[in-house]
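A.B. asks: So that we are looking at the same thing, I have put the structure below in structure tokens.
Numbering (the UniProt record's numbering), first residue to last: 1 to 394.
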């Protein structure tokens, strides 16, 4: 059997600190510190604890050159576990299902052309089962006042580089219709599920934000789309998966948006009520659960990395597209008299399960939504100038 190291793995010497009463009672500082080695391999997506011998063996193997396992000096017996955990990859025809499964995952990872650091960030910052609302309650940071009390003062709200007298004031230009539209843009945290969204309004927002407007066809298998937002390399890797809840003419359910045809592709039904599903994937942020339409922005990393192979800026370029699209969504929704939101506090692993997304080549970047704003603000929104809500806070 021939072996090699997996394509990418980082080793972290992690220290964890916990309270220990015995230490305090015996004159210590009351803290117990433990250290351990953790392997972070993106194709695995879970931390693997190693001993020092296993770390050393990993460091002796090449990620590109195959080695006959019989020629390897493994007095400590580390190899079998490294193979079982997927950190060492065996070549074809081993007859072991676990070895074959890890080889397939490693090969799939290599084909996407990830930069090692981008891949590790992507793989190990995905949530599963997180309750962001409860976390804020537990930490005492639900409100701005609480955050100030617990965290202290934040960095200054606007940076200052010179004295006031050295600044060059710019003229304030009278606002026009576009300025007034921008002023009405505010994240919506209060939706009215009793009021259905007209099909035309839904279609218009989707067309403006996510639809292909034109294309450049280099060949039958190489096509570049023109959309209403910029995209690194003109590749537009962002796919949209929808949870439709309250739209006229569209059955509530899960959909994929086909950007070329401006059409919805129905997906298998959810395994639970849609609102419950939204609460799960939105980390229990209940203020988004009644949005008429929720849009998962899901980049196909393999499309962007087709051009930007092992590129240090590749992952950043894809993340920027979430900003382009969300701001266009905000403005399109606001112009239509609707509210919109975006959140990155999402349970990505649950989303991957629901929509059948393989995190090696695709991802769950952010969750957006839009729909009718409620008549009463029950959850606070950032609208200090009263452009959206009256000063009375109705």
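Heads up, the beta-carbon is just placed ideally off N, CA and C, and yes, glycines get one too.
Computed from a prediction, not measured in an experiment: that's the story for all the values here.
Buried or exposed for residue 290, please, with buried defined as at least 16 other CB atoms from any protein chain shown within 10 angstroms of its CB.
C.D. replies: Burial call: buried.
A.B. asks: For residue 385, which option in 80, 184, 336 and 195 has the closest C-alpha, if you only look at C-alpha atoms?
C.D. replies: The shortest Cα separation from residue 385 among 80, 184, 336 and 195 belongs to 184.
A.B. asks: Output needed for residue 20: all residues of its chain with C-beta closer than 8 angstroms, excluding positions within five of it in sequence on either side, in chain order.
C.D. replies: Taken in chain order, the residues that qualify are 28, 30, 31 and 32.
A.B. asks: Go ahead and pull the three-state DSSP assignment for residue 213.
C.D. replies: Correct three-state label for residue 213: coil.
A.B. asks: For a test of the three-state rule: what should DSSP assign to residue 266, helix, strand or coil?
C.D. replies: Of the three classes helix, strand and coil, the one that applies to residue 266 here is strand, per DSSP.
A.B. asks: Identify the residues that DSSP records as bridge partners of residue 37: which are they?
C.D. replies: DSSP output for residue 37 lists 13 and 50 as bridge partner(s).
A.B. asks: Quick one, are the C-beta atoms of residue 278 and residue 250 less than 8 angstroms apart?
C.D. replies: Cβ atoms of residue 278 and residue 250: not closer than 8 angstroms.
A.B. asks: Taking the C-alpha atoms as reference points, what is the distance between residue 57 and residue 72?
C.D. replies: Those two C-alpha atoms are separated by around 9 angstroms.
A.B. asks: Return the residue from the list 237, 91 and 42 that minimises the CA-CA distance to residue 65.
C.D. replies: For residue 65, the nearest C-alpha among the options comes from 91.
A.B. asks: Please report the Cβ distance between residue 305 and residue 114, rounded to the nearest whole angstrom; I am assuming they are in contact, meaning their Cβ atoms lie under 8 angstroms.
C.D. replies: That belief holds up - the Cβ atoms of residue 305 and residue 114 are roughly 6 angstroms apart, short of 8 angstroms.
A.B. asks: Could you tell me the distance, in whole angstroms, from the CA atom of residue 222 to the CA atom of residue 314?
C.D. replies: Distance between the alpha carbons of residue 222 and residue 314: 20 angstroms.
A.B. asks: Going straight from the alpha carbon of residue 40 to that of residue 11, what length do you get?
C.D. replies: In a straight line, the C-alpha of residue 40 is about 6 angstroms away from that of residue 11.
A.B. asks: Please work out which residues of its chain come closer than 6 angstroms, Cβ to Cβ, to residue 394, disregarding the five sequence neighbours upstream and downstream, and give them in chain order.
C.D. replies: The predicted position of residue 394 is uncertain, since its pLDDT is 44 and thus under 50; a value taken from the coordinates is nonetheless stated next. Same-chain partners within the cutoff: there are none.
A.B. asks: Which whole runs of the beta strand (DSSP E) in the segment 73 to 149 are 3 residues long or more, in chain order?
C.D. replies: Counting only runs of 3 or more, we get 88 to 90.
A.B. asks: Just to confirm, is the Cβ distance from residue 36 to residue 49 under 8 angstroms?
C.D. replies: In contact: residue 36 and residue 49 (Cβ atoms closer than 8 angstroms).
A.B. asks: For residue 150, which residues of its own chain have a beta-carbon under 6 angstroms away from its beta-carbon, when the five flanking residues on both sides are left out?
C.D. replies: These residues qualify, in order along the chain: 140 and 141.
A.B. asks: Taking buried to mean at least 16 other C-beta atoms within 10 Å of its own C-beta, is residue 178 buried or exposed?
C.D. replies: Answer is exposed; the Cβ neighbour count stays below 16.
A.B. asks: Applying the criterion that 16 or more other CB atoms from any shown protein chain within 10 Å of the CB defines a buried residue, is residue 26 buried or exposed?
C.D. replies: With fewer than 16 other Cβ atoms within 10 Å, it is exposed.
A.B. asks: Out of curiosity, what's the CA-to-CA distance linking residue 86 and residue 60?
C.D. replies: If you take the alpha carbons of residue 86 and residue 60, they lie about 16 angstroms apart.
A.B. asks: Are residue 14 and residue 54 close, meaning C-beta to C-beta below 8 angstroms?
C.D. replies: No, these two residues do not count as a Cβ contact at 8 angstroms.
A.B. asks: Apply the 10 Å Cβ neighbour rule to residue 190 and answer buried if 16 or more other Cβ atoms are within range, or exposed otherwise.
C.D. replies: Buried, because 16 or more other Cβ atoms sit within 10 Å of the Cβ of residue 190.
A.B. asks: How far does the beta strand (DSSP E) with residue 258 in it reach, from first residue to last?
C.D. replies: From DSSP, the beta strand (DSSP E) with residue 258 extends over 253 to 258.
A.B. asks: For residue 160, name the three-state secondary structure that DSSP assigns.
C.D. replies: Residue 160 falls in the coil class under three-state DSSP.
A.B. asks: Determine, using beta carbons only, whether residue 5 comes closer than 8 angstroms to chain D.
C.D. replies: The question asks about chain D, but that chain is absent: this structure has only one protein chain.
A.B. asks: Can you name, in chain order, every residue of its own chain whose Cβ lies under 8 angstroms from the Cβ of residue 74, other than the five neighbours on each side?
C.D. replies: Only 57 meet the Cβ criterion.
A.B. asks: Among residues of its own chain, excluding the 5 on either side of residue 168, which ones have a beta-carbon nearer than 7 angstroms to its beta-carbon?
C.D. replies: Taken in chain order, the list of residues that qualify is empty.
A.B. asks: Output the distance between the C-alpha atoms of residue 181 and residue 296, rounded to the nearest integer angstrom.
C.D. replies: Approximately 25 angstroms between the Cα atoms of the pair.
A.B. asks: Please classify residue 3: does DSSP put it in a helix, a strand, or coil?
C.D. replies: Note: residue 3 maps to strand in three-state DSSP.
A.B. asks: As a quick exercise: from 361, 377 and 351, pick the residue whose alpha carbon is nearest that of residue 401.
C.D. replies: Since the first residue shown for the chain is 1 and the last is 394, residue 401 is missing from the structure and cannot be characterised.
A.B. asks: Under a Cβ-count criterion, where at least 16 other Cβ atoms within 10 Å of its own Cβ denotes burial, should residue 329 be classed as buried or exposed?
C.D. replies: So residue 329 ends up on the buried side.
A.B. asks: Would you report the Cα separation of residue 226 and residue 331, rounded to the nearest angstrom?
C.D. replies: In a straight line, the C-alpha of residue 226 is about 19 angstroms away from that of residue 331.
A.B. asks: Can you check whether the CB of residue 45 is closer than 8 angstroms to the CB of residue 104?
C.D. replies: Contact flag unset, no.
A.B. asks: If you count every other CB in all the chains shown that lies within 10 Å of the CB of residue 397, and 16 or more means buried, which is it?
C.D. replies: With the chain running from 1 to 394 in the structure shown, residue 397 is simply not present.
A.B. asks: Assuming the contact rule is C-beta atoms closer than 8 angstroms, residue 84 and residue 98 should be a hit. Round their C-beta distance to whole Å, please.
C.D. replies: About 6 angstroms separates the two Cβ atoms, so the contact holds.
A.B. asks: Give me the Cβ distance between residue 188 and residue 373, rounded to the nearest whole Å; I'm assuming they're in contact under 8 angstroms.
C.D. replies: Yes, residue 188 and residue 373 are in contact; Cβ-Cβ is about 5 angstroms, under 8 angstroms.
A.B. asks: Threshold first: 3 residues or longer. Then list the beta strand (DSSP E) segments lying entirely within the segment 347 to 383, N to C.
C.D. replies: Those beta strand (DSSP E) runs which fall completely within the segment 347 to 383 and span 3+ residues are 366 to 371.
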